[in-house]
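Chemist: Numbering (my numbering), first residue to last: 347 to 811.
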Ligand code: HMG
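(1) Report the three-state DSSP secondary structure of residue 532 (helix, strand or coil).
(2) Under 8 Å between the Cβ atoms of residue 614 and residue 735?
(3) Quick check: does the Cβ of residue 752 come within less than 7 Å of any heavy atom belonging to ligand 1?
(4) Across which residues does DSSP place residue 892 in a beta bridge pair?
(5) How many Å lie between residue 528 and residue 580 at the Cα?
(6) How about residue 611 and residue 723: are their beta carbons less than 8 Å apart?
(7) Taking Cβ positions, are residue 695 and residue 523 nearer each other than 8 Å?
(8) Taking the straight line between their C-alpha atoms, what separation do you get for residue 601 and residue 442?
(9) Rounding to the nearest angstrom, what Cα-Cα distance links residue 791 and residue 483 in this structure?
(10) Going by DSSP, what residue range makes up the beta strand (DSSP E) through residue 615?
(11) Check residue 570 in the structure and name its three-state DSSP category.
(12) DSSP three-state call for residue 368: helix, strand or coil?
(13) Is the beta carbon of residue 354 closer than 8 Å to that of residue 514?
(14) Is there at least one non-hydrogen atom of ligand 1 closer than 7 Å to the beta-carbon of residue 461?
(15) Would residue 772 be called buried (16 or more neighbouring beta carbons within 10 Å of its own) or exposed?
(16) Identify, in the order they occur along the chain, each residue of the same chain with its Cβ nearer than 7 Å to the Cβ of residue 638, setting aside the five sequence neighbours on each side.
(17) So residue 456 packs on residue 421, CB below 8 Å; how close in whole Å?
(18) How far does the alpha helix (DSSP H) with residue 448 in it reach, from first residue to last?
(19) Could you check how far apart the C-beta atoms of residue 507 and residue 763 are, in whole angstroms? I think they sit under 8 Å.
(20) Can you tell me whether residue 538 sits near ligand 1, meaning its C-beta is under 7 Å from at least one heavy atom of the ligand?
(21) In three-state DSSP terms, what is residue 660?
(22) Closer than 7 Å to a non-hydrogen atom of ligand 1 - does that hold for the CB of residue 409?
(23) What does the Cβ neighbour count give for residue 565, buried or exposed, with the cut at 16 atoms within 10 Å?
(24) Checking 8 Å against the spacing of the C-beta atoms, do residue 697 and residue 512 come in under that value?
(25) Since residue 428 and residue 500 should fall inside the 8 Å C-beta cutoff, what is the C-beta to C-beta distance between them, to a whole number of angstroms?
(26) Terminal residues of the continuous alpha helix (DSSP H) containing residue 671?
(27) Would you grab the beta carbon distance between residue 525 and residue 738 for me? Rounded to a whole angstrom, and I think it's under 8 Å.
(28) Going by DSSP, what residues sit across from residue 357 in a beta bridge?
(29) Would you say residue 562 touches ligand 1, meaning its beta carbon is less than 7 Å from a heavy atom?
(30) Do you know offhand how far residue 652's Cα is from residue 644's?
(31) Pull up the CB-CB distance for residue 688 and residue 605, whole angstroms please, since I reckon it's below 8 Å.
(32) Does the region 471 to 482 come within contact of the region 409 to 425, defined as at least 3 CB pairs closer than 8 Å?
(33) To the nearest angstrom, report how far apart residue 575 and residue 537 are at their CA atoms.
(34) When we look at the beta-carbon of residue 449 and count the other beta-carbons within 10 Å, is it buried (16 or more) or exposed?
(35) Run through DSSP, which three-state label would residue 552 get?
(36) Go to residue 712, then tell me how far its alpha helix (DSSP H) extends in each direction, as first and last residue.
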């Protein structure tokens with residue numbers, strides 16, 4: 347019985363900051379942001395928004411679009427790293443909002459938790475819920491997995507141009523119309539790391555930027571190695587001698603902290619996969635230099651990053667490899683469409699890879715490509731750190747859903763923030779009852795904290811018409 351994603355709905359806040367304005371204000375060459383990072387617009391939440399109301403807005407859209415009633419849903423998970431409470435899970439806030447529409451106690455029969463592992467937790471949530479259905483524990487009900495986050499970095503930091511905000515709700519069920527997950531091949535890796543973390547009480551993370559980039563590549567590659575082993579063992583994929591498993595995966599969708607990271611991840615993976623194949627000789631000829639090796643190939647990430655000669659040569663090699671005809675062709679065919687949304691929304695942490703999937707489906711469909719039976723390989727990464735690699739196949743019914751996908755229309759009209767407004771919002775100086783944008787048909791936050799100490803963290807939301 348195939349299980350996977352039947353439909354998805356997105357919510358992106360109506361405010362954004364333009365990368366050119368941002369670059370000018372910060373004294374950065376705008377090309378660095380547009381080309382080096384790959385960002386044009388970063389979505390920002392208004393004064394009356396938080397990750398829970400974005401999650402509820404995406405979920406309500408999904409339910410209304412599919413005419414779902416609460417009784418059709420057996421589980422609701424929210425994966426986020428923007429938690430609002432140390433104890434109360436974000437899905438309970440979401441259910442509270444949905445009850446305003448569907449009635450008090452309307453989700454009482456269901457279950458669910460909030461999941462945390464930086465950006466990868468949405469993938470764990472999908473995996474657990476797919477297995478809940480495979481185990482037939484679902485009593486004919488579907489699951490909803492919501493990924494919702496606000497990516498916020500310190501003012502003036504290098505992470506500041508990789509911000510964003512948004513939520514995606516995914517309907518997980520048997521015989522899905524969009525993507526069915528391949529069974530028995532999901533692969534994970536986990537290790538204690540401090541590449542990116544947000545200690546209690548901090549609104550912004552502590553980041554080791556170059557370390558985090560490199561760790562992401564290594565962890566996804568390791569999870570991919572394990573995926574390859576499982577895919578071959580289960581005969582999901584069969585390889586001839588001169589073939590790479592990447593030849594057999596039609597699309598590759600990875601975690602996107604920023605657009606360029608997707609391209610870098612693909613380059614890293616292909617180098618790793620192709621290096622031992624006959625095609626490598628021709629690639630090296632086109633690149634025009636041998637692939638460099640670090641002074642200590644068995645060294646730590648720190649020692650490799652500190653090996654300046656190697657890092658410089660490796661950057662040069664990577665850039666030349668990314669200019670080869672074979673890389674460009676594979677990139678265009680397998681990844682480019684998944685990156686479109688990232689460039690105009692920014693990092694969504696848990697939601698980034700799923701916004702990439704949403705983007706891939708829409709923009710490949712618009713190229714008139716037949717997507718039926720195409721396999722998507724997913725490379726999910728979460729700092730701290732864990733990676734999950736899995737795959738799924740686009741179902742024959744995909745057109746029913748994908749034909750109506752229109753990112754621009756679904757994001758809706760957005761207002762550009764000037765730098766002053768952005769800094770006020772970032773510094774939490776705006777008032778909840780004086781939002782910058784108009785809210786139509788969506789949940790907004792109206793109050794935090796009651797009148798007594800025991801109600802300190804209580805959050806009140808209304809559905810604004
Ligand atoms: P940076 O200091 O801006 O990096 O930090 P850079 O100086 O290396 O520049 C980036 C690129 O711009 C380079 O290209 C430059 O050459 C290019 P590359 O060598 O990489 O191909 N560049 C230019 N291009 C055109 N015209 C120019 C120009 N100047 C330079 N004039 C960094 C970048 C991403 C590290 C920083 O923004 C950061 O710390 N971000 C936050 C951390 C992050 O996103 N890490 C990603 C991996 S970890 C992850 O994905 C998990 C995460 O999502 C969290 C979670 O799991 O919860 C973050």
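By construction, the Cβ of each residue, glycine as well, lies at the ideal position given by its N, Cα and C atoms.
Modeler: Looking at the coordinates:
(1) Here residue 532 refers to the residue found at position 186 of the chain shown. Residue 532 falls in the coil class under three-state DSSP.
(2) For this step, residue 614 is matched to residue 268 along the chain shown. For this step, residue 735 is matched to residue 389 along the chain shown. The beta carbons of residue 614 and residue 735 sit no closer together than 8 Å.
(3) Taking the chain shown and counting its residues from 1, the one referred to as residue 752 is at position 406. Not so, every heavy atom of ligand 1 lies at least 7 Å from the Cβ.
(4) Not covered by the structure: residue 892. The range shown for the chain is 347 to 811.
(5) If you number the chain shown from 1, residue 528 lands on position 182. If you number the chain shown from 1, residue 580 lands on position 234. Looking at the two C-alpha atoms, the distance is approximately 11 Å.
(6) As a working note, residue 611 is residue 265 in the chain shown. As a working note, residue 723 is residue 377 in the chain shown. No, they are not a contact pair.
(7) In the chain shown, the residue the question calls residue 695 occupies position 349. In the chain shown, the residue the question calls residue 523 occupies position 177. Contact flag unset, no.
(8) On the chain shown, residue 601 is found 255 positions in, with the first residue counted as 1. On the chain shown, residue 442 is found 96 positions in, with the first residue counted as 1. Taking the straight line from one Cα to the other gives about 30 Å.
(9) Taking the first residue of the chain shown as position 1, residue 791 is located at position 445. Taking the first residue of the chain shown as position 1, residue 483 is located at position 137. Cα to Cα, the separation comes out at about 35 Å.
(10) In the chain shown, the residue the question calls residue 615 occupies position 269. No beta strand (DSSP E) contains residue 615, which is instead part of the alpha helix (DSSP H) from 605 to 620.
(11) Translated into the one-based positions of the chain shown, residue 570 becomes position 224. Of the three classes helix, strand and coil, the one that applies to residue 570 here is helix, per DSSP.
(12) In the chain shown, counting from the first residue as 1, residue 368 sits at position 22. If DSSP states are grouped into helix, strand and coil, residue 368 belongs with the helices.
(13) Here residue 514 refers to the residue found at position 168 when the chain shown is read from its first residue. Here residue 354 refers to the residue found at position 8 when the chain shown is read from its first residue. Residue 514 places its beta carbon less than 8 Å from that of residue 354.
(14) By 1-based counting over the chain shown, the position of residue 461 is 115. Residue 461: no, Cβ never under 7 Å from ligand 1.
(15) For the purposes of this step, residue 772 is identified with residue 426 of the chain shown, where counting begins at 1. Classification of residue 772: buried, given that the 10 Å Cβ count is 16 or more.
(16) For this step, residue 638 is matched to residue 292 along the chain shown. Apart from sequence neighbours up to five positions away, the residues of its chain that approach residue 638 with a beta-carbon distance below 7 Å are 656, 659, 660, 663, ordered along the chain.
(17) As a working note, residue 456 is residue 110 in the chain shown. As a working note, residue 421 is residue 75 in the chain shown. Confirmed, about 6 Å.
(18) In the chain shown, the residue the question calls residue 448 occupies position 102. Unbroken alpha helix (DSSP H) run through residue 448: 436 to 448.
(19) Here the question's residue 507 lines up with position 161 in the chain shown. Here the question's residue 763 lines up with position 417 in the chain shown. Going by Cβ atoms, the distance from residue 507 to residue 763 rounds to 14 Å, so no, they are not a contact pair.
(20) The sequence position of residue 538 within the chain shown is 192, counting from 1. Closer than 7 Å to some heavy atom of ligand 1: that does not describe the Cβ of residue 538.
(21) Mapped onto the chain shown, residue 660 falls at position 314. Three-state result, residue 660: helix.
(22) Your numbering for residue 409 matches position 63 in the chain shown. Because no heavy atom of ligand 1 lies under 7 Å away, the Cβ of residue 409 does not count as near it: no.
(23) As a working mapping, residue 565 is identified with position 219 in the chain shown. Buried: at least 16 other Cβ atoms inside 10 Å.
(24) For this step, residue 697 is matched to residue 351 along the chain shown. For this step, residue 512 is matched to residue 166 along the chain shown. Yes, these two residues count as a Cβ contact at 8 Å.
(25) One-based indexing of the chain shown puts residue 428 at position 82. One-based indexing of the chain shown puts residue 500 at position 154. Their Cβ separation, rounded to whole angstroms, is 16 Å, which puts residue 428 and residue 500 out of contact at 8 Å.
(26) On the chain shown, position 325 is the one that residue 671 refers to. Bounds of the alpha helix (DSSP H) holding residue 671 are 671 to 680.
(27) For the purposes of this step, residue 525 is identified with residue 179 of the chain shown, where counting begins at 1. For the purposes of this step, residue 738 is identified with residue 392 of the chain shown, where counting begins at 1. Contact holds; Cβ gap of about 4 Å.
(28) Your numbering for residue 357 matches position 11 in the chain shown. DSSP output for residue 357 lists 513 as bridge partner(s).
(29) Counting from 1 along the chain shown, the entry for residue 562 is found at position 216. Yes; taking the cut-off as 7 Å, the Cβ of residue 562 has a heavy atom of ligand 1 nearer than that.
(30) As a first step, residue 652 is located in the chain shown; it is residue number 306 there, counting from the start. As a first step, residue 644 is located in the chain shown; it is residue number 298 there, counting from the start. Taking the straight line joining both Cα atoms gives about 14 Å.
(31) Numbered from 1 along the chain shown, position 342 holds the residue referred to as residue 688. Numbered from 1 along the chain shown, position 259 holds the residue referred to as residue 605. About 5 Å separates the two Cβ atoms, so the contact holds.
(32) yes
(33) As a position in the chain shown, residue 575 is number 229, starting the count at 1. As a position in the chain shown, residue 537 is number 191, starting the count at 1. Cα-Cα distance, rounded: 20 Å.
(34) Position 103 of the chain shown, counted from the first residue, corresponds to residue 449. Classified as exposed, residue 449 has fewer than 16 neighbouring CB atoms from the shown chains inside 10 Å of its CB.
(35) If you number the chain shown from 1, residue 552 lands on position 206. Looking at residue 552 - three-state DSSP - the assignment turns out to be strand.
(36) In the chain shown, residue 712 corresponds to position 366, counting from 1. Per DSSP, the unbroken alpha helix (DSSP H) holding residue 712 starts and ends at 698 to 712.
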